[in-house]
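Written out below as structure tokens is the structure these notes cover.
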Amino acid sequence: MLDWLRPPRLDLRRRMKGPAVQLDLTVPSVQDLILDLVHSKSVVAIFMGPPCGTSSRARNIPIRAHLRSRGVPQPRPLRSDSYPCGFPSLKGVALSKVTQANQLYAFSAALCEVAQDYGCLVAVENPARSLMWLTPWFVHVSELLSFNMFQCHSCMYGGSRRKATGFLANFDMSELCLQCDGSHVHEPWNATMQQGHWKFATSGEAEYPAGLARCIAQCFRQELAKRGVNPEPTHASQAALASQRQHRKISRTVVPEFAQTFQIQVPDGQTPPMRLDDNAPIWLASVPKKSKLIRIFSKHVDGGVNGTDAGRREARKMAEYGSFFEPRDFTRYALEQPHPTDELGAFCEDNWKAICWISSNSALMVAKFRLEQIIKYKKVARDLRNEEIALHQGLHPDLQTVLAKKQLLLFKRLCEDAEIDDEFLFRDLCEGFKLVGQLEPSGQFRSKLRLASMSAEELQKTAPFAQACIEQECRKVLLDPEVAAAVWKESVEQATDGSGWLKGPFTKEEVTLRHGPLWIPSRRFGVRQSGKIRSVDDFSQFGINASTSTFEQIVLEGIDDVGATARMFVAALDGSRLEHCRSGILGRALDLKAAYKQLARHPDHAWCSIIAAANPDDGEVCFFEAVALPFGAVSSVLGFNRVARCLSQILVRLFRIVNTNFFDDYCQLEVSQLAASAHETAETVLQMLGWNISMGEDKRKPFRSEFDMLGATVVLDATGQGLIVLRNKPGRIEEIRRCVSELVDRRRVLAKELDSLRGRLLFASGFTMGRTSQLAVQQISARVKGRAQMELDEDLVETLKLAVDTLANARDRQIWASDYRPPVVIFTDGACEDEAATVTFGAVCFDPLDCNVEFFGDRIDHELVSSWTVQGKRQVICQAEMWPVIVAKCTWSAKLKERKLLWFIDNESARYAFVRAFSPVVDNGRLLRANAQVDSEICATSWYARVPSASNPADDASRLNFEGYPSHFIRVRPIVTEACKRLALGLGL
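Sequential numbering from 100 applies to the sequence shown in this note's numbering.
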């Protein structure tokens, strides 16, 4: 979607619901960028809404005399049918407005043609009678056979006025062509005084009604689906699912909302009711009672009325209704469904293929295959030796030292054999990776646009400012002598040790002699990390990162991927009869040494690779020129990870080495009998390609059943029954506790301190059962936004203390590779009557394992309800819907312990609060604390799904109506622990 924004006015009336980029599309370089995106074949659909202000026919409507007498101005016509590009007599501001609009019209029409050539879906919106459609650019587009005009009235989608909107599209959008049926009242087209200025009603209609926006999206979605293009789930959500967690961005439907849908033609003058009751109109007689209106749309039919006019297409107003499952049918359907996390899937297809191959061949055959591959590619390396020498001699002198050990042609051959499609990687390796400008998409990662906010030329214009500020910024490092000494020592060593990573040190004048006056420095500072000081180059401070455009999002294989891959491996071995598959799996960490420094930046970008560091001996700031990729540049991250991903794919595709990759860390997994083969093969391949591996005892460790990876301890097949355990490293929780105590004692804290704590809590909770610290994480995020420092209030203090206590008491995260027990299915519901005077709740539990069905229903404790209504609030239905989930976990804790659970909740606010483990509502937050407490005790794998109220078997229980349940349903007494109740009341443990 292109948001046509141009200076001097940006009109963003509401907070964006998704990521957006603001660009001035009248600038030729920006237009070229958009066209390049289409040429890259990474765009599948384009929706455009060019500005219509200068093309509006409303300008030609005279303002009524009584409004003129009140001072309402008469807008000046700027175009007409005869002069759609603007009157020849226009001057000044009016001419500027029309000229700028025409630039956008010409570009949008050109974009339509280019997108059409590349098979993109295109739709352009403007008022149906806009003079834009008559400009020569859009007349030409309209003449293209594949572009058609579709029109609708926005009042049919919730708009307040009868505005006719047109869409010129190269695909079928007839579904949105609803015309006003006269069944509603329209607001007048008038002008009102707002903040001292007259505002015309036409400006208020610029924003699409929500219903129209949804219908536009639906048209695109349906057409893309026809072409086989569907939104892909994120890698993070897939990994979470495979490692038995419900990710907040997974919108998986366990049971369909409706049992059946019906599409009915709406008679003229009729308005479809939202719900069908006994008084439903006769034309809806075929639709079951209690059905819900899903949508209203338009359907074009050939042949006119009764098919009498074969050359005519008639638009008919249609209504789609959905009928709900009966509670018994919904329950039967739910009990037949697997738990969503049971779907192992091949979220990493390469590893899955390697695992299947290893589990299908003998250990001897696997080891022999790997050895033969090593021998094969060593011979390839020998054959390429002369060409490799010639290639290195032809490299830029700056790159020759950094890349001296790299076997570039061998790497290219391995990438080809592994069928890795990264068109520009070999070029970037040999020429160096660019630091600024547009970085071409590699095709290795998920598409995501991140555009630069300035060009390289604009960045260079800021050089005098950056050079004037850098010395003061660098001297801030001197406030910590230990950090300053470490940063300076590392910088000097990198410039003098022969590695070629840095050049220098230089004075400011010497840098100017080398690169001219337009060079941009970056401050080098130190970060304490795991008992050592790590140097980081700040490429954001003076805009270098802001001048880099990227077209994809790096996918990192984190601890979820490690757990999911181990789960796949153990599950695959479980079905194998081969001897080596019965020995279990082991793992190890393989780490590249000084990974970024093993690659080089492009020589043309030396002017923006200047590193500034303060000498702690005399306080002078010296400058170094980075030849290797600097740690801190956006382009370095993308460039290195492209290579790192290729190395991972080479290992798994060509040598059957199961691994995951997180920056420079690789997690290897292998069956016990093949551990030595996997260890030697992986290191040999990397060394053969010229990559340095960390060989210290603290880094290079053998395969073990328990090993450290990405800050966690991984325990493989801990019980011999397919259990993988992820746990925090010893001492981490106590470190977090000390940090919290220090912040609580001070109360007045910096936002960056809280943000650091947020990251540590989030990381630590990833290795425990339950969402133990998610609430604290969310609260911190909400509090620190836009603030430099803040005072800790009692609620946040209590939340932080509880998070640490819960983390300390929580059980390690468990991933079962082969738990074949069916999930326990629990329905919950709450009811609130008489303005919270009567608040009740209920739940029904189905356990297929013992074929028992139990239920409970009761009033919610008066003390709890009073805490929800303490400030006069009477709408407590969300709390009433959340409470039975907590009570059910307490009541059936023995049954639910270490089981997979399917929860069905009919209130979306409550359900989503459990999925996110967060709610901005204080009372909901307290309930989530109670939920985290009981989750840490039962150690179950919960999935929160939706059930419509009409299909919820817990509805009767929540209203204390127990007579409708079958006789074999067992009523039990609801139980809630004292700890959960205290947390729900906000009293703490």
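Cβ coordinates follow ideal geometry from the N, Cα and C atoms, glycine included.
With distance defined between alpha-carbon atoms, name the residue in Ser273, Gly657, Met255 nearest to Ala309. Numbered from its first residue, the sequence shown carries residue 309 at position 210. Residue Met255 is the option with its Cα nearest to Ala309.
Can you list, in chain order, the residues of its chain with a C-beta nearer than 8 Å to that of Pro1019? Leave out the 5 residues immediately preceding and following it. On the sequence shown, residue 1019 is found 920 positions in, with the first residue counted as 1. A distance below 8 Å between beta-carbons, with the five flanking residues on each side excluded, links Pro1019 to the following residues of its chain, in chain order: Ala881.
Ile454, DSSP secondary structure in three states: As a position in the sequence shown, residue 454 is number 355, starting the count at 1. If DSSP states are grouped into helix, strand and coil, Ile454 belongs with the helices.
Along the chain, where does the beta strand (DSSP E) that runs through Trp618 open and close? Position 519 of the sequence shown, counting from 1, holds the residue named residue 618. Premise fails: Trp618 is in no beta strand (DSSP E) and is neither H nor E.
Mind the definition here: the segment 979–997 touches the segment 934–952 only if three or more C-beta pairs lie below 8 Å; say whether that holds. At 8 Å Cβ cutoff, the stretches touch.
So Asn740 is in the alpha helix (DSSP H); what residue range does that whole segment cover? Sequence index remark: in the sequence shown, residue 740 carries index 641 (1-based). Element bounds for Asn740: 733–754.
Quick one: using the 10 Å Cβ neighbour count with 16 as the cut-off for buried, is Asp844 buried or exposed? Stepping through the sequence shown from its first residue, residue 844 is reached at position 745. Exposed, because fewer than 16 other Cβ atoms sit within 10 Å of the Cβ of Asp844.
Tell me, to the nearest whole angstrom, how far the beta carbon of Glu651 is from that of Pro540; I am working on the premise that it is less than 8 Å. Start at 1 with the first residue of the sequence shown, and residue 651 comes out as number 552. Start at 1 with the first residue of the sequence shown, and residue 540 comes out as number 441. Indeed they touch by this definition, with Cβ atoms about 5 Å apart.
Nearest-angstrom Cα separation, counted from Gln974 out to Leu1003: The sequence position of residue 1003 within the sequence shown is 904, counting from 1. The sequence position of residue 974 within the sequence shown is 875, counting from 1. Checking the sequence, you will find Phe at residue 1003 rather than Leu. Distance between the alpha carbons of Phe1003 and Gln974: 22 Å.
Tell me the DSSP secondary structure of Asn1006 in three-state form. Reading the sequence shown from its first residue, position 907 is the one you call residue 1006. Looking at Asn1006 - three-state DSSP - the assignment turns out to be coil, as it is neither helix nor strand.
Hey, how far is the Cα of Gln362 from the Cα of Arg415? Counted from its first residue, the sequence shown places residue 362 at position 263. Counted from its first residue, the sequence shown places residue 415 at position 316. Going by C-alpha positions, Gln362 is about 12 Å away from Arg415.
Mark Tyr765 as exposed unless 16 or more other C-beta atoms lie within 10 angstroms of its C-beta, in which case mark it buried. Taking the sequence shown and counting its residues from 1, one reaches residue 765 at position 666. Under the 10 Å beta carbon count, Tyr765 is surrounded by 16 or more other beta carbons and is classified as buried.
Strictly by DSSP, which residues pair up with Met464? For this step, residue 464 is matched to residue 365 along the sequence shown. Note: Met464 sits in no beta bridge, so no partner.
For Glu518, which residues from the same chain have a beta carbon less than 8 Å from its beta carbon, with the 5 sequence-adjacent residues on both sides left out? Locating residue 518 in the sequence shown gives position 419, where the first residue counts as 1. Cβ neighbours of Glu518 beyond the five flanking positions: Arg752.
Looking only at C-alpha atoms, which of Val635, Val223, Cys721, Leu122 sits nearest to Leu728? Residue mapping note: residue 728 aligns to position 629 of the sequence shown, counting from 1. Nearest C-alpha to Leu728: Val635.
As assigned by DSSP and simplified to three states, the class of Lys389: Numbered from 1 along the sequence shown, position 290 holds the residue referred to as residue 389. Coil.
Look up Met147 in the DSSP assignment and say whether it is helix, strand or coil. Here residue 147 is taken as the residue at index 48 of the sequence shown, counted from 1. Correct three-state label for Met147: strand.
If distances are taken between C-alpha atoms only, which option among Leu746, Lys798, Ile710, Ile879 comes closest to Pro604? For the purposes of this step, residue 604 is identified with residue 505 of the sequence shown, where counting begins at 1. Cα-wise, what sits closest to Pro604 is Ile710.
Would you mind reading off the limits of the beta strand (DSSP E) that contains Val142? As a position in the sequence shown, residue 142 is number 43, starting the count at 1. Judged by DSSP secondary structure, Val142 falls outside any beta strand (DSSP E); it is assigned neither H nor E.
Straight-line CA distance for Thr561 to Lys999? Taking the sequence shown and counting its residues from 1, the one referred to as residue 561 is at position 462. Taking the sequence shown and counting its residues from 1, the one referred to as residue 999 is at position 900. Inter-residue distance for Thr561 and Lys999 is about 58 Å (C-alpha atoms, whole angstroms).
Buried versus exposed, by CB contacts within 10 Å (16 or more), Ala993: Residue 993 sits at position 894 when you count from the first residue of the sequence shown. A residue is called buried when at least 16 other Cβ atoms come within 10 angstroms of its Cβ; Ala993 does not meet this threshold and is exposed.
Among all the DSSP beta bridges, which residues are the ones paired with Val720? Against the sequence shown, residue 720 aligns to sequence position 621. The partner list for Val720 (beta bridge, DSSP) reads Ala713.
Comparing alpha-carbon positions, which option in Ser253, Leu617, Ala227 lies nearest Val284? Residue mapping note: residue 284 aligns to position 185 of the sequence shown, counting from 1. The residue among Ser253, Leu617, Ala227 with its C-alpha nearest the C-alpha of Val284 is Ser253.
From Glu1007 to Phe945, what distance separates their C-alpha atoms? Here residue 1007 corresponds to residue number 908 of the sequence shown, with the count starting at 1. Here residue 945 corresponds to residue number 846 of the sequence shown, with the count starting at 1. So the two alpha carbons sit approximately 22 Å from each other.
Per DSSP, which residues does Arg912 bridge with? Please list them. Taking the first residue of the sequence shown as 1, we reach residue 912 at position 813. In the DSSP output, where bridge partners are listed per residue, Arg912 has Leu825.
Pairwise C-alpha distance: Arg799 and Leu689: The sequence position of residue 689 within the sequence shown is 590, counting from 1. The sequence position of residue 799 within the sequence shown is 700, counting from 1. In a straight line, the C-alpha of Leu689 is about 7 Å away from that of Arg799.
Since Gln970 and Asn1023 are thought to touch, with beta carbons under 8 Å apart, how far apart are those beta carbons, to the nearest angstrom? On the sequence shown, position 871 is the one that residue 970 refers to. On the sequence shown, position 924 is the one that residue 1023 refers to. About 15 Å separates the two Cβ atoms, so there is no contact after all.
Same chain, Cβ closer than 8 Å to Ala699, neighbours up to 5 away in sequence not counted: Taking the first residue of the sequence shown as 1, we reach residue 699 at position 600. Excluding sequence neighbours, Ala699 sits near Asp497, Leu498, Val501, Leu502, Gly531, Phe532, Val726, Ala727, Leu728.
With DSSP run on the structure shown, which of helix, strand or coil describes Asp441? The count along the sequence shown starts at 1 and reaches residue 441 at position 342. Three-state DSSP puts Asp441 in a helix.
Quick check: Thr867 and Ala909, are their CB atoms within less than 8 Å of each other? Here residue 867 refers to the residue found at position 768 when the sequence shown is read from its first residue. Here residue 909 refers to the residue found at position 810 when the sequence shown is read from its first residue. Yes, these two residues count as a Cβ contact at 8 Å.
Val1033 and Cys1079: beta carbons closer than 8 Å? Counting from one through the sequence shown, the residue named residue 1033 turns up at place 934. Counting from one through the sequence shown, the residue named residue 1079 turns up at place 980. Yes, Cβ-Cβ distance for Val1033 and Cys1079 is below 8 Å.
Using the three-state DSSP reduction, which class does Asn405 fall into: helix, strand or coil? Within the sequence shown, the letter at position 306 stands for residue 405. Low confidence applies here, because Asn405 scores a pLDDT of 47, under 50, leaving its location unreliable; read the following figure in that light. Here Asn405 sits in helix by DSSP.
Applying the 10 Å Cβ sphere with the 16-neighbour rule, what's the burial state of Pro1091? No answer is possible for residue 1091: it lies beyond the span of the chain, which begins at 100 and ends at 1088.
Nearest chain C C-beta to Leu498 closer than 8 Å, yes or no? Any reference to chain C falls outside this structure, which holds one protein chain only.
By DSSP, does His1067 sit in helix, in strand, or in coil? If you number the sequence shown from 1, residue 1067 lands on position 968. His1067 sits in coil when the DSSP states are folded into three classes, being neither helix nor strand.
With a CB to CB cut of under 6 Å and the five nearest residues on each side skipped, what residues in its chain are close to Val814? Locating residue 814 in the sequence shown gives position 715, counting from the first residue. For Val814, where only same-chain residues beyond five positions count, the Cβ hits under 6 Å are Glu805, Val824.
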